[in-house]
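Numbering of the sequence shown is given in the working numbering, commencing with residue -3 and proceeding in unit increments. Glycine included, each C-beta is placed from N, C-alpha and C at the ideal position.
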Amino acid sequence: MRSGIRLYSSDRSCREPGATQVVPAHHPTAHVSRILVTGAGGQIGSELVPALRERYGADRVLSTDIRTPAPDDLAAGPFQVLDATDPLAVGAAAMRFEADCIYHLAAILSAVGERDPKLAYQVNMGGTVAVLEVARDQGLSVFVPSSIAAFGPTTPRDGTPQDTVQRPTTMYGVTKVSGELLCDYYHLRYGVDVRGLRYPGIVSWKAPPGGGTTDWAVEIFVHAARGEDYTCFLPADSRLDMMYIPDALRATIELMEADGERLEHRNAFNVTAMQLAPRDLAAVLAERVPGFEVHYDVDPVRAEIAESWPDRIDDSAAREQWGWASRYDLDAMVDDMLENLRALDHPHSEG
Ligand code: NAD
Ligand code: SER
């Protein structure tokens, strides 16, 4: 059921508590048929969109981003330039596409966010609120990712619980905690079926990472695949949760298709696959790439960000509530990354 676009308009009634409870609390997302993805041109979106198209049909997934994609990606399915912070534009795009669901990936990541905190606030908070308002207004379900960045230096570092202290010290982290709370609010108050994961650092080979603290875990592979040494911006022993992209895509889709009745948390689930420090990956890559070496030129800003995040999060809530289990361990990820990067003509590198 649709109630029309009335976002931030003179019609105040749609913004009154309970005025547009158009989504039942346990909306059956397994039957989602038409999906709008924001920030689709980024590290995760450039792989999630093809995965969603394979599952639900190419013409049923609208890829959107503030940037225009490469011609090959444009040919793969519908695309629209869309600023996710503009609620009227998001609402109009969702309405025109007859979307049932929005996967909201548009964001400014941690390192870029510390360079421009105001931009991070505007994009991350503005985008999340715009998408949630559209979802409330049009009766859509929503996926909104959070991050290990939603934790801070006072969070328990080892075995970080699902529910714990969250006092992050980056603007990115502040927007992630706020986004988690907003998602909870829209679910509790308006019945919007909003779900989300706290992604760890994502390792992938198709698109370069977007300016985060975990980008080193992609850059190191790109250099190794080219047979070049890598200079790492984090200290050798800076350990963080990581996950290979196929697991991240599967986690995302499995959560969105999970039985809502079983979801005690719904939003901001801890998920992890492995814990990696630069020295760990350097050692495994050196076994496969003769002569490969990692040097260190530590960036104090990113080192401090990494230091404020957990070493190992506890994802038992996701395991218990919707059956989450990672499949890729370190060896499997390394083999697959190297094989895929070596098959590319021009492996990307942000390093
Ligand atoms: P990314 O930086 O690679 O991509 C973000 C995309 O958003 C880019 O294509 C960018 O052009 C787009 N964008 C920026 N501003 C926009 C706007 N105003 N309107 C529309 N699009 C806009 O990010 P990603 O790694 O793909 O991350 C996707 C989501 O997952 C984000 O919410 C991020 O916080 C979260 N996440 C990512 C990781 C990771 O390791 N990649 C880890 C934890 C959480
Ligand atoms: N990979 C992300 C970052 O480093 C974590 O959310 O910003």
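- prompt: Tell me, which residues are paired with Ser143 by DSSP?
  reply: Paired residue(s): Tyr195.
- prompt: Based on the DSSP secondary-structure assignment, which residues constitute the bridge partners of Asp61?
  reply: BP columns for Asp61 point to Val77.
message: Can you tell me where the alpha helix (DSSP H) holding Thr248 begins and where it ends?
response: Taken as a continuous stretch (DSSP letters only), the alpha helix (DSSP H) holding Thr248 covers 241 to 253.
Distance CB(Ala302)-CB(Leu245) smaller than 8 Å: The answer is no: Cβ separation not under 8 Å.
query: With contact counted as at least three CB pairs below 8 Å, one residue from each stretch, are the stretch 173 to 190 and the stretch 128 to 141 in contact?
result: Judged by pairs of C-beta atoms under 8 Å, the stretch 173 to 190 touches the stretch 128 to 141, as three or more such pairs exist.
query: Can you name, in chain order, every residue of its own chain whose Cβ lies under 6 Å from the Cβ of Ala254, other than the five neighbours on each side?
result: Cβ neighbours of Ala254 beyond the five flanking positions: Trp318.
- prompt: Using 8 Å as the threshold, is the stretch 204 to 220 in touch with the stretch 271 to 282, meaning 3 or more CB pairs across them?
  reply: The stretch 204 to 220 vs the stretch 271 to 282: in contact.
message: Please tell me whether Arg30 and Phe93 are closer than 8 Å, where the distance is taken between their beta carbons.
response: Yes, Cβ-Cβ distance for Arg30 and Phe93 is below 8 Å.
message: Can you list, in chain order, the residues of its chain with a C-beta nearer than 8 Å to that of Asp225? Leave out the 5 residues immediately preceding and following it.
response: Spatial neighbours of Asp225 in its own chain (CB-CB distance under 8 Å, excluding positions within 5 residues in sequence) are listed in chain order as His219, Phe288, Glu289, Val290, His291.
task: Within the same chain, show all residues whose beta-carbon is closer than 8 Å to that of Ile249, passing over the 5 residues directly before and after it, in chain order.
output: For Ile249, where only same-chain residues beyond five positions count, the Cβ hits under 8 Å are Ala47, Leu48, Arg51.
- request: Please report the Cβ distance between Val199 and Met91, rounded to the nearest whole angstrom; I am assuming they are in contact, meaning their Cβ atoms lie under 8 Å.
  value: Actually they do not touch by this definition, with Cβ atoms about 36 Å apart.
task: Report whether the distance from the Cβ of Ala264 to the nearest heavy atom of ligand 2 is below 7 Å.
output: In this structure, Ala264 has its beta carbon at no less than 7 Å from each heavy atom of ligand 2.
- prompt: What do you reckon, is the C-beta of Gly155 under 7 Å from a heavy atom of ligand 1?
  reply: Checking every heavy atom of ligand 1 against the Cβ of Gly155, none is found closer than 7 Å.
- request: Could you pull out every residue in the same chain whose Cβ sits closer than 6 Å to the Cβ of Ser59, ignoring the five residues on either side in sequence?
  value: Correct list, in chain order: Val33, Ala36, Val45, Phe75.
task: Check the C-beta distance from Arg132 over to Tyr186 and give it rounded, since I have them as a contact under 8 Å.
output: That pair is a contact at about 5 Å.
task: Note down, in chain order, each residue of its chain lying with its Cβ closer than 6 Å to the Cβ of Arg163, except the 5 sequence neighbours on either side.
output: Excluding sequence neighbours, Arg163 sits near Gly148, Thr150.
query: To which residues of the same chain is Leu259 closer than 6 Å at the C-beta, ignoring the five residues directly before and after it?
result: These residues qualify, in order along the chain: Gln317.
task: Could you have a look at Tyr4 and say whether DSSP puts it in helix, strand or coil?
output: At Tyr4 the pLDDT is 27, less than 50, meaning the model places this residue with poor confidence and gives no usable figure here.
Backbone secondary structure at Gly109 - three-state DSSP: In the structure shown, Gly109 sits in a helix (DSSP, three-state: H, G or I).
query: Can you name the residues that DSSP bridges to Arg56?
result: Answer is none; Arg56 lacks a bridge partner.
- request: Determine the DSSP secondary structure at Ser137, reduced to helix, strand or coil.
  value: If DSSP states are grouped into helix, strand and coil, Ser137 belongs with the strands.
- prompt: Hey, which unbroken runs of the alpha helix (DSSP H) at 4 residues or more fall wholly within the stretch 199 to 234?
  reply: Fully contained in the stretch 199 to 234 are the following alpha helix (DSSP H) runs of length 4 or more, in chain order: 212 to 222.
message: Suppose the cutoff is 7 Å on Cβ atoms and the five residues either side in sequence are ignored; what does the same chain contact list for Leu337 look like?
response: Short of 7 Å from the beta carbon of Leu337, and not among the five residues preceding or following it, lie these beta carbons of its own chain, in chain order: Trp201, Phe217, Val218, Ala221, Pro343.
- prompt: Can you list, in chain order, the stretches of the alpha helix (DSSP H) that have 4 or more residues and sit fully within the stretch 277 to 329?
  reply: Listed in chain order, the complete alpha helix (DSSP H) runs (minimum 4 residues) inside the stretch 277 to 329 are 296 to 304, 312 to 318.
query: How about Leu259: is its Cβ closer than 7 Å to a heavy atom in ligand 2?
result: No, the Cβ of Leu259 stays beyond 7 Å of every heavy atom of ligand 2.
query: Count the other CB atoms within 10 Å of the CB of Gly208; is the residue buried (16 or more) or exposed (fewer)?
result: In the assembly as shown, Gly208 is a buried residue. Its beta-carbon has 16 or more other beta-carbons within 10 Å.
query: Which residue's Cα is closest to the Cα of Arg63: Gly256, Ile104, Gly169, Val77?
result: With distances taken between Cα atoms, Arg63 lies closest to Val77.
- prompt: Should Gln271 be listed as close to ligand 4, given that the test is whether its C-beta is under 7 Å from any heavy atom?
  reply: This structure lacks ligand 4; the ligands present are ligand 1 and ligand 2.
query: Can you tell me whether Arg323 is buried or exposed, with buried defined as 16 or more other CB within 10 angstroms of its CB?
result: By the neighbour-count definition (other C-beta atoms within 10 Å, threshold 16), Arg323 is an exposed residue.
- prompt: What is the DSSP secondary structure of Asn266, reduced to helix, strand or coil?
  reply: DSSP, read as helix, strand or coil, puts Asn266 in strand.
query: With respect to 7 Å, is the separation between the Cβ of Pro205 and the closest non-hydrogen atom of ligand 1 below this value?
result: In this structure, Pro205 has its beta carbon less than 7 Å from a heavy atom of ligand 1.
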